[in-house]
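Everything below concerns the one structure shown next.
2 protein chains.
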Amino acid sequence: MPETWKATAKAMLSRHFLLGQLPDSLLDDLLGHAQFRRYKRGESLFRKGDPGDALLAVILGKIRISTLSAKGQEVVLNMLGPGDVFGEIAFLDGKPRTADAAVVEDTGLLTLERKSFLPYLEENPKVAIKLLGVLCERLRWVSDSFEDIVFLELPARLAKRLLRLTENFGHQEPSGLRIDLKLSQQELGHMTGVTREAVNKVLRIWEKEGILTIERAALTIHQPEGLRAILENP
Amino acid sequence: MPETWKATAKAMLSRHFLLGQLPDSLLDDLLGHAQFRRYKRGESLFRKGDPGDALLAVILGKIRISTLSAKGQEVVLNMLGPGDVFGEIAFLDGKPRTADAAVVEDTGLLTLERKSFLPYLEENPKVAIKLLGVLCERLRWVSDSFEDIVFLELPARLAKRLLRLTENFGHQEPSGLRIDLKLSQQELGHMTGVTREAVNKVLRIWEKEGILTIERAALTIHQPEGLRAILENP
DNA sequence: GTGGAACCGTGAACTGGTTCACAGAGCCCT
DNA sequence: AGGGCTCTGTGAACCAGTTCACGGTTCCAC
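Here you go:
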């Protein structure tokens, strides 16, 4: 998408659950301020504490949002794919970034700079209101994750995470839903706030029960209901 | 404050870290849409999942924001005092409340209804932008709490919480900073995601070390540095 | 193809925090 | 002023998840 990126990006944004409701002309305006760039897998986009203040939208590829503890322990907060928007916090308040963002596989991103956008925002309250919606959504998500980690124990947390991953990244296959993010058990541990070994033990139990099968960089869920059941009861 | 509440409320809001920067006329406008009411201690303002969509501001008194797990375990997310604003999420997106709010001690609240405010918002982008700031602030706070709970263990979490409480609710006394929220060790447990007994054990150690003294419904911190030190190392 | 590197599987010992159980302290209501 | 409450202190058994340790797999680069 070397030169046609604007069209693709517009199509993508207009499919966004909130931004999509904006009138066509406003979307064009927005894109007028934006830039498109490609990134290679492994690249770091920014780190927690960095001053950057751009808003980013994933056009294609996969992005990992994470944080490191003082002792180097990592937590993956989210995995993003095409259509997802991130970096809104620093973008909106101009303060340091709240987490790390890195490219998981080759990616194209839309970038919107704070300074080129703020004046525009004042004149377009509709856009501001949409953004309020985006932030509320994000806030609900984070609060939810918070509750999960204090209330649920590992099996439930892991089940929930896998279900969420299937929603965003699962392909339907004859044998079941396949998640083929390059997802090591280590990473799954980081997503659930737990060690590699603990994840392994739970996954193997589920494999024995026929709920899923484990492959190298992928998982196939045969019985999503099995996972849902774990969420419901003790 | 039976009839003069508008003046008091205005004074309070103008001291708010973000809303205070709004021009005087806008503040008056805002207050024109607001209502004042008193609440008795123990009253529930709303529960998670309720449809309510008002924005609330504490004029005086104390409010507890919390959630319950499926099995009835409670987590206190925050304690609010005069000048604090809450309920913005449901207010802004019109969806169900994300947590419970209850009155800890007799309280006066300013209430702003979503429907009477939304049209106004479209015409005053400056207010929308301030609200974006408020949401960013909240998002940073929640993300922070999230990291605390996965990265820090109990002593550090508790130390951090106590320091935060002294900031908002501590009185300076000859012997040290006194927190006299009616704060049972049970509640402290709820705030740190841990049992009453676990809190007790840590507090007693600190008492023996002279960092603080425990009274019935209060704590006196003699050496805040002691707590800060716990945050820094292992 | 082959040698390393990164990932997976699993078991044993350990640990921070829970659960249960019970005894004492302070509080408030009549 | 005394009887019940809720809150505190503490110890013993227990448990989910960690840490450590090590052997086996799969992948990829040369």
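Protein chains in written order, with my numbering: chain E, -15 to 218; chain A, -15 to 218. For each residue, glycine too, the CB sits at the ideal point set by N, CA and C.
Alpha-carbon spacing of residue i relative to residue j, whole angstroms
{"i": "Glu216 (chain A)", "j": "Ala112 (chain A)", "result": "38 Å"}
{"i": "Trp(-11) (chain A)", "j": "Arg145 (chain E)", "result": "48 Å"}
{"i": "Gly26 (chain A)", "j": "Gln5 (chain E)", "result": "42 Å"}
{"i": "Ala74 (chain A)", "j": "Gln169 (chain A)", "result": "31 Å"}
{"i": "Ile163 (chain E)", "j": "Ile205 (chain E)", "result": "8 Å"}
{"i": "Gly65 (chain A)", "j": "Val42 (chain A)", "result": "6 Å"}
{"i": "Arg(-1) (chain E)", "j": "Lys24 (chain A)", "result": "47 Å"}
{"i": "Pro(-14) (chain A)", "j": "Leu15 (chain E)", "result": "Interpretation of Pro(-14) (chain A) is limited by its pLDDT of 48, a score under 50 that renders its predicted location unreliable; no figure is taken from the coordinates."}
{"i": "Pro35 (chain A)", "j": "Asp8 (chain E)", "result": "32 Å"}
{"i": "Glu58 (chain A)", "j": "Thr51 (chain A)", "result": "6 Å"}
{"i": "Gln19 (chain A)", "j": "Leu102 (chain E)", "result": "32 Å"}
{"i": "Leu11 (chain E)", "j": "Gly92 (chain E)", "result": "19 Å"}
{"i": "Thr95 (chain A)", "j": "Leu211 (chain A)", "result": "37 Å"}
{"i": "Asn152 (chain E)", "j": "Gln207 (chain A)", "result": "49 Å"}
{"i": "Ile214 (chain A)", "j": "Glu199 (chain A)", "result": "22 Å"}
{"i": "Gly33 (chain E)", "j": "Arg124 (chain A)", "result": "12 Å"}
{"i": "Thr(-8) (chain A)", "j": "Asp132 (chain E)", "result": "40 Å"}
{"i": "Gly67 (chain A)", "j": "Asp90 (chain A)", "result": "15 Å"}
{"i": "Phe130 (chain E)", "j": "Met175 (chain E)", "result": "12 Å"}
{"i": "Lys185 (chain A)", "j": "Leu167 (chain A)", "result": "16 Å"}
{"i": "Leu115 (chain A)", "j": "Leu39 (chain A)", "result": "11 Å"}
{"i": "Ser28 (chain E)", "j": "Gly194 (chain A)", "result": "46 Å"}
{"i": "Glu72 (chain E)", "j": "Gly154 (chain E)", "result": "26 Å"}
{"i": "Arg180 (chain A)", "j": "Pro80 (chain E)", "result": "36 Å"}
{"i": "Ala86 (chain E)", "j": "Leu196 (chain A)", "result": "43 Å"}
{"i": "Val88 (chain E)", "j": "Leu(-3) (chain A)", "result": "45 Å"}
{"i": "Cys120 (chain A)", "j": "Thr82 (chain E)", "result": "10 Å"}
{"i": "Val134 (chain A)", "j": "Asp13 (chain A)", "result": "43 Å"}
{"i": "Ala140 (chain E)", "j": "Val178 (chain E)", "result": "13 Å"}
{"i": "Leu142 (chain E)", "j": "Asp128 (chain A)", "result": "22 Å"}
{"i": "Trp190 (chain A)", "j": "Leu203 (chain A)", "result": "12 Å"}
{"i": "Tyr104 (chain A)", "j": "His17 (chain E)", "result": "28 Å"}
Check whether residue i and residue j have beta carbons under 8 Å apart
{"i": "Ala182 (chain E)", "j": "Leu138 (chain E)", "result": "yes"}
{"i": "Asp37 (chain E)", "j": "Arg122 (chain E)", "result": "no"}
{"i": "Glu209 (chain E)", "j": "Val60 (chain E)", "result": "no"}
{"i": "Arg31 (chain A)", "j": "Asp84 (chain A)", "result": "yes"}
{"i": "Leu136 (chain E)", "j": "Lys46 (chain E)", "result": "no"}
{"i": "Glu106 (chain E)", "j": "Pro109 (chain A)", "result": "yes"}
{"i": "Val126 (chain A)", "j": "Val69 (chain A)", "result": "no"}
Residue i burial status per 10 Å Cβ neighbour count (16 or more: buried)
{"i": "Ser159 (chain E)", "result": "exposed"}
{"i": "Gly173 (chain E)", "result": "buried"}
{"i": "Ala54 (chain E)", "result": "exposed"}
{"i": "Ile49 (chain A)", "result": "buried"}
{"i": "Ala(-5) (chain E)", "result": "exposed"}
{"i": "Ala201 (chain E)", "result": "exposed"}
{"i": "Gly56 (chain E)", "result": "exposed"}
{"i": "Val192 (chain E)", "result": "Checking the displayed sequence, the identity of residue 192 (chain E) turns out to be Lys instead of Val. Classification for Lys192 (chain E): exposed."}
{"i": "Arg21 (chain E)", "result": "exposed"}
{"i": "Arg188 (chain A)", "result": "exposed"}
**OP:** Please list the segments of the alpha helix (DSSP H) lying wholly inside the stretch -2 to 70 of chain E, counting only runs of 4 or more residues, in order along the chain.
**Re:** Within the stretch -2 to 70 of chain E, the alpha helix (DSSP H) runs of at least 4 residues that lie entirely inside it are, in chain order, 8 to 17.
Subject >> Selection of the stretch 141 to 163 of chain A by Cβ proximity to chain E, strictly under 9 Å >> reply: none
Original post:
What residues in the stretch 116 to 136 of chain E bring their beta carbon closer than 7 Å to a beta carbon of chain A?
Top reply: Leu116, Gly117, Leu119, Cys120, Arg122, Leu123, Arg124, Val126, Ser127, Ser129, Phe130, Glu131, Ile133, Val134 and Phe135
Original post:
Can you list, in chain order, the stretches of the beta strand (DSSP E) that have 3 or more residues and sit fully within the stretch 167 to 212 of chain A?
Top reply: 196 to 198 and 203 to 205
Original post:
Enumerated in chain order, which unbroken segments of the alpha helix (DSSP H) with a length of 4 residues or greater are wholly contained in the stretch 108 to 154 of chain E?
Top reply: 109 to 135 and 138 to 153
Subject >> Chain-ordered residues of the stretch 98 to 111 of chain E with a beta carbon less than 8 Å from chain A >> reply: Leu105, Glu106, Glu107, Asn108, Pro109 and Lys110
Original post:
Going along the chain, which residues of the stretch 188 to 209 of chain E sit with their C-beta nearer than 7 Å to a C-beta in chain A?
Top reply: none
Original post:
What residues in the stretch 67 to 79 of chain A bring their beta carbon closer than 7 Å to a beta carbon of chain E?
Top reply: Ile73, Leu76 and Asp77
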